[in-house]
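Worksheet for the structure shown next.
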Amino acid sequence: MDPDDMARPSNVPEEKVFVALELLSRGWTLSRAAERLGVNLSTLSRLVSERSPRFLEVRFRRDKLSPEQWSAVKRLLPPDDIQQAVACFTEECGRHTPKVHVFDTGNHGVSKRDWTVRLEQFGREAAPLVRGLLNRSRICGVSWGETLGNLVTGLARLERSPVQGKRGHKFVPVVGHVVEWGPTKASSFTLAQRLDEIVNGDYQHKRSFPGARVADTPGGEGSVELAEIFGGLGSVGKRPWIDRLDMLLTSVGPKDRPLGHQSGTFLKSLGVTPGELRAAVDGDIAGALLAKPGISEADRALIQRILIRWIGIRETQVSECVARAHKLGSPGVLVVAIGASKARSIEQVLSRGLSNHIVCDKDLSDTLLRILSQKIGSPASIPVPFRPA
């Protein structure tokens, strides 16, 4: 008798047996497979033990399943590849699927020394990909942070491309900095200037914004320059640069540290604690806070209080850049991140459709694959962009 035709208890669907065998072939334990499939452990053990070695070798065969059963298998079977996982997850969320680019940084250490080595290695490995995408862009927004800083350093080390310098690329900082700090070496303004030098050879910064001093309140010092970027006072009749981006180069803030290391002073000025912000958001992208689904009115008011004072790109503007890329074929939003701690934030970016490319290391990719494997096929709350009142 063909082992595919062996009788099974009627209370265990055919497709679940196929999926269980596939999971075991991937190294899953029997108890873990039983838990995912909602099948009694002893029942699953008996069904698996009844199968011959031949059946285990061929694993599940699609031609033995009806279209309905195959659809059920796809829902139940976790993907074993990050691009496949992202495709399944974004399809369930009703979003476009970004391209995932994974680079190996050599280790997964989190000590200061290991982290520095990982960032430098990632910047070198990812730079050729990013340079190719930059050459397709005319107006590129730039976020901030050490990951982007190392990527820009990696770009600076590449041999100059003959395409560079001919198209007049514009680099636009998409996040302000508080006046008393001034631009840091990895601030949005500084990185925009560095890219202007690297790509355009422009050391006078005619295609970036070198002079803007950014206040943390609207109408403060630097408002004229800010109006060119973000709109508002002084931008009457002009479309702000933030609404014209064909590419956005950004990282994400981890769920436990939205807005990055230097957010403490800013939040303190608003009477908001980091813990209160963590309770309301699932991280950030380019400083655009990702509000948790179903948050309370008090949390919404807290986010609104921050947005009134925060100078930077909004989630809806990130989404519009993604949409322009799909329409025009431009690079769109590149989310650049490394480390397992960023996986939850990337999950939120995917569920909201806020990226065209994910550029990450293997540590982040492996963690994200585990998270998405548990999410796919199970009910999920699809978040919507937070819209200020």
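Numbering (numbering that gives the first Met the number 0), first residue to last: 0 to 388.
No residue lacks a Cβ here, since even glycine has one placed at the ideal position from N, Cα and C.
Quantities reported herein were computed from a predicted structural model and do not represent experimental measurements.
Own chain, CB closer than 6 Å to residue i, minus 5 neighbours either side, in chain order
i: residue 230; result: 239
i: residue 46; result: 16
i: residue 371; result: 84 and 88
i: residue 152; result: 122
i: residue 104; result: 117, 120, 121 and 360
i: residue 375; result: 87 and 88
Pairwise C-alpha distance: residue j and residue i
i: residue 367; j: residue 86; result: 13 Å
i: residue 29; j: residue 107; result: 29 Å
i: residue 250; j: residue 237; result: 28 Å
i: residue 221; j: residue 70; result: Residue confidence for residue 221 is low, a pLDDT of 48 falling below 50, so the modelled location carries little weight; the figure read from the coordinates is stated next. Taking the straight line joining both Cα atoms gives about 56 Å.
i: residue 184; j: residue 155; result: 15 Å
i: residue 113; j: residue 44; result: 43 Å
i: residue 246; j: residue 171; result: 10 Å
i: residue 292; j: residue 365; result: 25 Å
i: residue 110; j: residue 295; result: 37 Å
i: residue 191; j: residue 100; result: 23 Å
i: residue 38; j: residue 93; result: 29 Å
i: residue 265; j: residue 80; result: 40 Å
i: residue 277; j: residue 174; result: 20 Å
i: residue 91; j: residue 369; result: 17 Å
i: residue 385; j: residue 20; result: Because the pLDDT at residue 385 is just 47, under 50, the model does not fix this residue reliably, and the point stays unresolved.
i: residue 115; j: residue 49; result: 52 Å
i: residue 254; j: residue 350; result: 15 Å
i: residue 313; j: residue 290; result: 12 Å
i: residue 142; j: residue 273; result: 21 Å
i: residue 196; j: residue 309; result: 28 Å
Neighbourhood of residue i by C-beta, 8 Å cutoff - its chain only, sequence neighbours within 5 removed
i: residue 127; result: 157
i: residue 95; result: 89, 321, 325, 352 and 355
i: residue 331; result: 245, 246, 247, 320, 321, 323, 324, 325, 354, 355 and 356
Where residue i sits in the DSSP three-state scheme
i: residue 168; result: coil
i: residue 283; result: strand
i: residue 99; result: strand
i: residue 42; result: helix
i: residue 333; result: strand
i: residue 28; result: coil
i: residue 200; result: coil
i: residue 306; result: helix
i: residue 259; result: coil
i: residue 174; result: strand
i: residue 274; result: helix
i: residue 185; result: coil
i: residue 76; result: coil
The alpha helix (DSSP H) enclosing residue i, as first and last residue numbers
i: residue 357; result: Here residue 357 belongs to no alpha helix (DSSP H); instead the beta strand (DSSP E) covers 356-360.
i: residue 153; result: 145-156
i: residue 131; result: 111-133
i: residue 349; result: 342-351
i: residue 249; result: Run containing residue 249: none in the alpha helix (DSSP H); it sits in the beta strand (DSSP E), 246-249.
i: residue 86; result: 81-92
i: residue 315; result: 314-327
Nearest-angstrom Cβ-Cβ length linking residue i and residue j, presumed shorter than 8 Å
i: residue 280; j: residue 304; result: Going by Cβ atoms, the distance from residue 280 to residue 304 rounds to 13 Å, so no, they are not a contact pair.
i: residue 34; j: residue 72; result: Between residue 72 and residue 34 the Cβ distance is about 18 Å, and since that is not below 8 Å, they are no contact.
i: residue 124; j: residue 102; result: 4 Å
Contacting residues, own chain, Cβ-Cβ under 7 Å from residue i (five flanking each side not counted)
i: residue 275; result: 301
i: residue 336; result: 146, 250, 251, 345, 359 and 363
i: residue 348; result: 251, 284, 334 and 354
i: residue 11; result: 38, 42 and 46
i: residue 144; result: 185, 250 and 259
i: residue 76; result: 18 and 21
Extent of the continuous beta strand (DSSP E) to which residue i belongs
i: residue 138; result: 138-141
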